[in-house]
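Chains D and E are the protein sequences, given in the same order.
When the letters of the first sequence are read in order and numbered with numbering that gives the first Met the number 0, they come out as residues 0 to 326.
When the letters of the second sequence are read in order and numbered with numbering that gives the first Met the number 0, they come out as residues 0 to 326.
The beta carbon of each residue, even a glycine, is placed where N, CA and C say it ideally should be.
Down below is the structure, laid out as structure tokens.
Number of protein chains: 2
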Amino acid sequence: MNKKILNNPEKVVEEMVEGMAMANPNRLKKVNGFNILIRSKKKQERVALISGGGSGHEPAHGGYVGPGMLDAALAGPVFTSPNPRSVLKAIKEVKTNEGVLLIIKNYSGDVMNFKMAAQKAQDEGIKCDYVIVNDDIAINNPEDRRGIAGTIFVHKIAGAAADAGYNLEETKEVANKAISNIKSKGVALAPCYSPGSGRPSFEIGENEMEVGLGIHGEPGVEVQELKSSREICKMITNNILEKMEYDKNSQFSLMINSLGATPLMELNVMAKDTLELLKNRGLTIYNCYVGNFMTSMEMKGASLTLFKLDEELKTLLNHPVDVSIKL
Amino acid sequence: MNKKILNNPEKVVEEMVEGMAMANPNRLKKVNGFNILIRSKKKQERVALISGGGSGHEPAHGGYVGPGMLDAALAGPVFTSPNPRSVLKAIKEVKTNEGVLLIIKNYSGDVMNFKMAAQKAQDEGIKCDYVIVNDDIAINNPEDRRGIAGTIFVHKIAGAAADAGYNLEETKEVANKAISNIKSKGVALAPCYSPGSGRPSFEIGENEMEVGLGIHGEPGVEVQELKSSREICKMITNNILEKMEYDKNSQFSLMINSLGATPLMELNVMAKDTLELLKNRGLTIYNCYVGNFMTSMEMKGASLTLFKLDEELKTLLNHPVDVSIKL
Numbered sequence: 000m001n002k003k004i005l006n007n008p009e010k011v012v013e014e015m016v017e018g019m020a021m022a023n024p025n026r027l028k029k030v031n032g033f034n035i036l037i038r039s040k041k042k043q044e045r046v047a048l049i050s051g052g053g054s055g056h057e058p059a060h061g062g063y064v065g066p067g068m069l070d071a072a073l074a075g076p077v078f079t080s081p082n083p084r085s086v087l088k089a090i091k092e093v094k095t096n097e098g099v100l101l102i103i104k105n106y107s108g109d110v111m112n113f114k115m116a117a118q119k120a121q122d123e124g125i126k127c128d129y130v131i132v133n134d135d136i137a138i139n140n141p142e143d144r145r146g147i148a149g150t151i152f153v154h155k156i157a158g159a160a161a162d163a164g165y166n167l168e169e170t171k172e173v174a175n176k177a178i179s180n181i182k183s184k185g186v187a188l189a190p191c192y193s194p195g196s197g198r199p200s201f202e203i204g205e206n207e208m209e210v211g212l213g214i215h216g217e218p219g220v221e222v223q224e225l226k227s228s229r230e231i232c233k234m235i236t237n238n239i240l241e242k243m244e245y246d247k248n249s250q251f252s253l254m255i256n257s258l259g260a261t262p263l264m265e266l267n268v269m270a271k272d273t274l275e276l277l278k279n280r281g282l283t284i285y286n287c288y289v290g291n292f293m294t295s296m297e298m299k300g301a302s303l304t305l306f307k308l309d310e311e312l313k314t315l316l317n318h319p320v321d322v323s324i325k326l
Numbered sequence: 000m001n002k003k004i005l006n007n008p009e010k011v012v013e014e015m016v017e018g019m020a021m022a023n024p025n026r027l028k029k030v031n032g033f034n035i036l037i038r039s040k041k042k043q044e045r046v047a048l049i050s051g052g053g054s055g056h057e058p059a060h061g062g063y064v065g066p067g068m069l070d071a072a073l074a075g076p077v078f079t080s081p082n083p084r085s086v087l088k089a090i091k092e093v094k095t096n097e098g099v100l101l102i103i104k105n106y107s108g109d110v111m112n113f114k115m116a117a118q119k120a121q122d123e124g125i126k127c128d129y130v131i132v133n134d135d136i137a138i139n140n141p142e143d144r145r146g147i148a149g150t151i152f153v154h155k156i157a158g159a160a161a162d163a164g165y166n167l168e169e170t171k172e173v174a175n176k177a178i179s180n181i182k183s184k185g186v187a188l189a190p191c192y193s194p195g196s197g198r199p200s201f202e203i204g205e206n207e208m209e210v211g212l213g214i215h216g217e218p219g220v221e222v223q224e225l226k227s228s229r230e231i232c233k234m235i236t237n238n239i240l241e242k243m244e245y246d247k248n249s250q251f252s253l254m255i256n257s258l259g260a261t262p263l264m265e266l267n268v269m270a271k272d273t274l275e276l277l278k279n280r281g282l283t284i285y286n287c288y289v290g291n292f293m294t295s296m297e298m299k300g301a302s303l304t305l306f307k308l309d310e311e312l313k314t315l316l317n318h319p320v321d322v323s324i325k326l
């Protein structure tokens, strides 16, 4: 269903960013002339954090700007990386003496543009570094793995570390530890639709699902017959655990993420199935998040993310935040 | 698109409720043998609050069980009222010496079953009363107006009042004051699908929208050509304000609620348009909530709710909560 409530498809990102700032004036401010959201009250004497990418993943990324998480979020055109000039602008808006850490999802456009901006910032004497999130284990080669819903955990861990006074190097280090402990995979049942053309992002049969989806409307790495929640959760959980190092004392945080249009009814059935599967394998789930965290507009489907915790990561995960989605 | 991630359509509500409890063990507990969620830690010496209805409106109602809001939520079959026996069970599970207040949405089944349970509870010596939410101004006759997204504000106000030590009569009174100040109306662009039959809840043309929708998959009170966000928001806002008493000093809380599958991108465009419209009319918006608060599974569309505040309601609206959705 390609119908949308919009005014002008060409201005949708700008209007959305303005709407987010207007709806949350105590928390968010739009940077004039840019589709960048920053905190209304600028952070001081702590590492500043920036994330972002193409639009269409809401509440990512602007919904995660606020105390305990991000300092700025870039909203590029739909499913298209923001340009280096915008990233540099965001860096300058939120920089502190402690430096700036960029949280980049592993897509060639994002990596290129964010790194270019980091380099320019460094050239201008701004302390700036970055981490690259690649939690999507649907892709075999780790270097090509995309950043998907697990990115939200990285926002949370790095945001808590920055708040707790970690310096830039330490914040980067703990973010990278989190990244290496976060694995995700998802399925899609129905595509999303471009706000401009109204075209579906892929074609799919009535009894099929895409397995190993990305979050840019692209199809998965393979097509399978649509299965039950229990079978889907088992397949994904097994896939993820195969790629993880863990033992019987390991503790995990679990995220069940809707790609946009999957009702909470189905996500909670998936939560039951996944939690039972993990319990039957003797694994301990520290906590569980169920909802819309990283979407592809109105795509139907869901991803599972497992995040292996240690004591430091647990402490940081418990750090309070004030952002649009409870985490 | 009628595809769903499920196991057994006949057990979907039970599995969902179990999943919610398993994913939130510190906050929620399922009552054995019933699709009822109660707080893990029972409230003492304060009025207890119960809401609920048919399933399919998630995060309503189980997502609102927790400190600052509800004590119990009933999950009936999809779009079907829970029976009086279940409501009575919920009352007995959470009752305190201060009594129990039921928050009922104005649908004949809910009203009949909840009132019957309240009467039985009273017969057994339990202090029990109720309020009826009817915020949907799409229906002209106030007695027939349905309870839709504005119900969440009633949970919040009554929950805060109970926490603050209001007695049963006072909690009922402030909940009724809130109800008389809350008006909503919505549009639907695409139907939802029954988990059992897979059938769409209504048929709609490619360039049409249903105006004045309910939240049970029913069509709206009229069909119109699909319009822009600005035109939709203007029409609804005007409709709502026509039914409200207010003056230039009035302050409002605004809720932009997705019916399930409407991306945050579109909701935030609607937020911008609505906030601008209200500002241009000289009205003051105290705060604004944008998200999935009261849904019809994967229905595409959105509702707007205006809640006129006074000092008491503002204080209660600011009361902290610990529930699944930030409010």
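Residue-level contact by beta carbon fails for E/I151 and chain D, as no gap is shorter than 8 Å. A straight line joining the alpha-carbon of E/K94 with that of E/A47 spans about 6 Å. In this structure, E/V77 sits away from E/K104, with a CB-CB distance that is not shorter than 8 Å. Secondary structure at E/T304: strand, using DSSP grouped into helix, strand and coil. Judged by beta-carbon spacing, D/S200 lies beyond the 8 Å limit of D/G149, meaning their Cβ atoms are not closer than that value.
At a cut-off of 8 Å between beta-carbon atoms, D/E217 makes no contact with chain E. DSSP, read as helix, strand or coil, puts D/S228 in helix. Per the coordinates, the alpha-carbon of D/K176 lies some 15 Å from the alpha-carbon of D/N166.
Each residue's CA atom was taken as its position, placing E/V110 and E/A116 some 10 Å apart. If you draw a straight line from the Cα of D/K42 to the Cα of D/N96, it is about 11 Å long. Non-local beta-carbon contacts of D/R45 in its own chain, meaning distances under 6 Å to residues more than five positions away in sequence, involve E97 and A161 in chain order. D/I136 and D/V220 have their C-alpha atoms some 11 Å from each other.
The alpha-carbon of D/S228 is positioned some 25 Å away from that of D/I324. For the pair E/I35 and E/S80, the CB atoms are not nearer than the 8 Å cut-off. Residues of the segment 246 to 263 of chain D whose Cβ lies closer than 9 Å to any Cβ of chain E, in chain order: L253, I255, G259, A260, T261, P262 and L263.
With a threshold of 8 Å between beta carbons, D/P76 makes no contact with chain E. The beta carbon of E/K155 sits no closer than 8 Å to any beta carbon of chain D.
Contact residues of the segment 10 to 33 of chain E toward chain D are V11, E14, M15, E17, G18, M19, M21 and A22 (C-beta to C-beta distance below 7 Å). A Cβ-Cβ distance of about 16 Å is found for the pair E/R144 and E/I151, leaving them out of contact under the 8 Å criterion.
Secondary structure in the segment 60 to 131 of chain E: the beta strand (DSSP E) runs of 3 residues or longer, each lying completely within the stretch, are 71 to 77 and 99 to 104 in chain order. In terms of CA proximity to D/G52, D/G146 leads the group D/K3, D/G146 and D/E123.
When the Cα atoms are used, E/K307 and E/N279 turn out to be separated by approximately 17 Å. Under DSSP, the beta-bridge partners assigned to E/M208 are E/Q223. Around the Cβ of E/N248, a 10 Å sphere holds fewer than 16 other Cβ atoms; the residue is exposed.
Against D/M269, the close residues of chain E are I4 and G18, in the order they occur along the chain (beta-carbon pairs closer than 9 Å). Look at the beta carbons and you see the segment 9 to 24 of chain D touching the segment 262 to 274 of chain E: at least three pairs across the two are nearer than 8 Å. Contact between the segment 245 to 259 of chain E and the segment 114 to 128 of chain E is absent: fewer than 3 CB-CB pairs across the two stretches fall below 8 Å.
At a cut-off of 8 Å, the C-beta of D/G55 has a neighbouring C-beta in chain E. Along the segment 227 to 245 of chain D, going in chain order, the ones with a CB nearer than 7 Å to a CB of chain E are S227, S228, R229 and I231. Within its own chain, the residues whose Cβ lies closer than 6 Å to the Cβ of E/G197, once the five positions on either side in sequence are excluded, are N1, listed in chain order.
Take the alpha-carbon of D/A89 and the one of D/L73: they are about 7 Å apart. Contact of D/V289 with chain E by beta-carbon distance below 7 Å involves A22. By the rule that beta-carbons nearer than 8 Å mark a contact, E/T294 touches chain D. In the three-state reduction of the DSSP assignment, E/K271 falls in the helix class. DSSP places D/I37 in the uninterrupted beta strand (DSSP E) bounded by I35 to R38. Taking the C-beta atoms as reference points, D/A22 is found nearer than 8 Å to E/V289.
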